[in-house]
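Visitor: Just passing along the structure, written as C-alpha coordinates.
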Amino acid sequence: MASAKIKEALYRLCCDFIDDRFKTIQKTISEIQESLTSETKSSAGDKHETGRAMLQLEREKAGNQWAEIQKTKEILDKVNLSKVSKQIGLGSVVYTSQANYFIAISAGVLKVEEERFYAISSNTPIGQLLMGHTVNDSITFRDQRFIITQVF
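For the sequence shown, UniProt numbering begins at 1 and goes up steadily by one.
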(Lines of atoms letter the chains of each structure in order from A and count residues from 1; the text may use other names and numbers.)
(Lines give C-alpha, C1' and ligand atoms only; values in the text may rest on other atoms or scores of the structure.)
Protein backbone atom coordinates (compact mmCIF):
# COMPACT_ATOMS: atom_id res chain seq x y z
CA MET A 1 0.00 0.00 0.00
CA ALA A 2 1.32 3.46 -0.85
CA SER A 3 2.56 5.61 2.01
CA ALA A 4 -0.13 8.26 1.46
CA LYS A 5 -2.85 5.59 1.63
CA ILE A 6 -1.43 4.15 4.85
CA LYS A 7 -1.29 7.58 6.47
CA GLU A 8 -4.86 8.34 5.34
CA ALA A 9 -6.14 4.98 6.66
CA LEU A 10 -4.43 5.53 10.03
CA TYR A 11 -5.89 9.04 10.23
CA ARG A 12 -9.40 7.71 9.51
CA LEU A 13 -9.01 5.04 12.20
CA CYS A 14 -7.99 7.73 14.70
CA CYS A 15 -11.04 9.81 13.69
CA ASP A 16 -13.26 6.76 14.25
CA PHE A 17 -11.64 6.25 17.66
CA ILE A 18 -12.44 9.86 18.64
CA ASP A 19 -16.01 9.62 17.30
CA ASP A 20 -16.63 6.43 19.32
CA ARG A 21 -15.31 8.07 22.50
CA PHE A 22 -17.51 11.16 21.88
CA LYS A 23 -20.60 8.99 21.40
CA THR A 24 -19.89 7.02 24.57
CA ILE A 25 -19.40 10.15 26.67
CA GLN A 26 -22.45 11.89 25.17
CA LYS A 27 -24.54 8.81 25.97
CA THR A 28 -23.23 8.83 29.56
CA ILE A 29 -24.01 12.55 29.94
CA SER A 30 -27.52 12.02 28.56
CA GLU A 31 -28.16 9.12 30.95
CA ILE A 32 -26.94 11.16 33.92
CA GLN A 33 -29.08 14.13 32.89
CA GLU A 34 -32.10 11.84 32.53
CA SER A 35 -31.46 10.39 35.99
CA LEU A 36 -31.19 13.87 37.47
CA THR A 37 -34.46 15.05 35.97
CA SER A 38 -36.43 11.87 36.63
CA GLU A 39 -35.39 11.39 40.24
CA THR A 40 -38.27 12.25 42.51
CA LYS A 41 -37.91 13.33 46.09
CA SER A 42 -38.60 10.45 48.40
CA SER A 43 -39.47 10.52 52.06
CA ALA A 44 -35.80 9.87 52.78
CA GLY A 45 -34.60 13.39 51.91
CA ASP A 46 -30.95 12.85 52.80
CA LYS A 47 -30.78 9.77 50.60
CA HIS A 48 -32.27 11.78 47.72
CA GLU A 49 -29.73 14.59 48.14
CA THR A 50 -26.83 12.13 48.32
CA GLY A 51 -28.02 10.47 45.11
CA ARG A 52 -28.28 13.83 43.34
CA ALA A 53 -24.83 14.86 44.55
CA MET A 54 -23.34 11.62 43.23
CA LEU A 55 -25.04 12.16 39.88
CA GLN A 56 -23.69 15.71 39.74
CA LEU A 57 -20.17 14.38 40.37
CA GLU A 58 -20.61 11.80 37.61
CA ARG A 59 -21.83 14.53 35.24
CA GLU A 60 -18.79 16.66 36.07
CA LYS A 61 -16.46 13.71 35.49
CA ALA A 62 -18.10 12.99 32.12
CA GLY A 63 -17.83 16.68 31.22
CA ASN A 64 -14.09 16.58 31.95
CA GLN A 65 -13.74 13.49 29.77
CA TRP A 66 -15.64 15.26 26.99
CA ALA A 67 -13.27 18.25 27.25
CA GLU A 68 -10.25 15.93 27.03
CA ILE A 69 -11.65 14.25 23.93
CA GLN A 70 -12.25 17.68 22.41
CA LYS A 71 -8.58 18.60 23.01
CA THR A 72 -7.50 15.30 21.47
CA LYS A 73 -9.67 15.97 18.42
CA GLU A 74 -8.08 19.41 18.03
CA ILE A 75 -4.63 17.78 17.98
CA LEU A 76 -5.81 15.27 15.38
CA ASP A 77 -7.20 18.12 13.27
CA LYS A 78 -3.66 19.57 13.09
CA VAL A 79 -2.33 16.48 11.28
CA ASN A 80 -1.46 17.39 7.70
CA LEU A 81 -1.89 14.26 5.58
CA SER A 82 -0.10 15.71 2.57
CA LYS A 83 3.03 16.71 4.51
CA VAL A 84 5.95 14.36 4.00
CA SER A 85 9.01 15.01 6.12
CA LYS A 86 12.22 13.10 6.69
CA GLN A 87 12.12 14.26 10.30
CA ILE A 88 9.56 12.71 12.67
CA GLY A 89 6.79 15.07 13.73
CA LEU A 90 3.02 15.25 14.15
CA GLY A 91 1.38 13.09 11.48
CA SER A 92 4.47 10.99 10.73
CA VAL A 93 4.25 7.29 10.05
CA VAL A 94 7.36 5.68 11.52
CA TYR A 95 8.70 2.19 10.87
CA THR A 96 11.32 0.88 13.28
CA SER A 97 13.09 -2.42 13.76
CA GLN A 98 10.75 -3.12 16.73
CA ALA A 99 7.34 -1.59 15.92
CA ASN A 100 5.49 0.86 13.67
CA TYR A 101 4.03 4.16 14.90
CA PHE A 102 1.62 6.85 13.80
CA ILE A 103 2.39 10.09 15.62
CA ALA A 104 -0.99 11.75 16.20
CA ILE A 105 -3.12 10.75 19.19
CA SER A 106 -3.01 7.88 21.66
CA ALA A 107 -5.48 5.44 20.14
CA GLY A 108 -3.84 2.08 20.77
CA VAL A 109 -3.01 -0.51 18.14
CA LEU A 110 -4.39 0.10 14.65
CA LYS A 111 -4.27 -2.35 11.75
CA VAL A 112 -3.88 -1.32 8.13
CA GLU A 113 -3.54 -4.10 5.56
CA GLU A 114 -2.33 -6.58 8.20
CA GLU A 115 0.35 -4.16 9.42
CA ARG A 116 0.16 -3.09 13.06
CA PHE A 117 0.75 0.51 14.07
CA TYR A 118 0.75 2.09 17.49
CA ALA A 119 -1.13 5.37 17.33
CA ILE A 120 0.71 7.52 19.87
CA SER A 121 0.68 11.11 20.97
CA SER A 122 3.82 13.18 20.62
CA ASN A 123 3.50 13.75 24.40
CA THR A 124 3.96 10.09 25.31
CA PRO A 125 7.44 8.97 26.41
CA ILE A 126 8.07 7.06 23.16
CA GLY A 127 6.56 9.91 21.13
CA GLN A 128 8.87 12.44 22.75
CA LEU A 129 11.82 10.16 22.11
CA LEU A 130 10.97 9.75 18.41
CA MET A 131 10.23 13.41 17.66
CA GLY A 132 12.87 15.06 15.48
CA HIS A 133 14.68 11.84 14.55
CA THR A 134 15.20 10.56 11.01
CA VAL A 135 15.80 7.28 9.17
CA ASN A 136 18.74 5.20 10.46
CA ASP A 137 18.73 6.94 13.85
CA SER A 138 19.10 4.54 16.77
CA ILE A 139 16.75 4.93 19.73
CA THR A 140 16.82 3.25 23.14
CA PHE A 141 13.55 2.94 25.01
CA ARG A 142 13.04 0.84 28.15
CA ASP A 143 16.37 -0.92 27.67
CA GLN A 144 15.48 -1.87 24.09
CA ARG A 145 17.43 -0.44 21.18
CA PHE A 146 15.77 -0.02 17.82
CA ILE A 147 16.51 1.68 14.52
CA ILE A 148 14.19 3.94 12.55
CA THR A 149 13.87 2.33 9.12
CA GLN A 150 11.30 4.50 7.36
CA VAL A 151 9.50 7.83 7.94
CA PHE A 152 6.74 9.44 5.88
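We put the beta carbon where it would ideally sit given N, CA and C, even for glycine.
Please read these numbers as outputs of a predicted model, since none were measured by experiment.
Taking C-beta to C-beta, are G132 and I75 nearer than 8 Å?
Guide: No, Cβ-Cβ distance for G132 and I75 is not below 8 Å.
Visitor: When the Cα of K5 is compared with those of E113, K23, S30, S122, which residue comes out closest?
Guide: It is E113 whose Cα lies nearest to the Cα of K5.
Visitor: Quick one: what does DSSP say L81 is sitting in, helix, strand or coil?
Guide: Three-state result, L81: coil.
Visitor: With which residues is K5 paired in a DSSP beta bridge?
Guide: Per DSSP, none; premise fails for K5.
Visitor: What number of angstroms, rounded off, separates the C-alpha of D137 from the C-alpha of Y11?
Guide: One C-alpha to the other measures close to 25 Å.
Visitor: How should S92 be labelled, buried or exposed, when 16 other C-beta atoms within 10 angstroms of its C-beta is the threshold for buried?
Guide: So S92 counts as buried.
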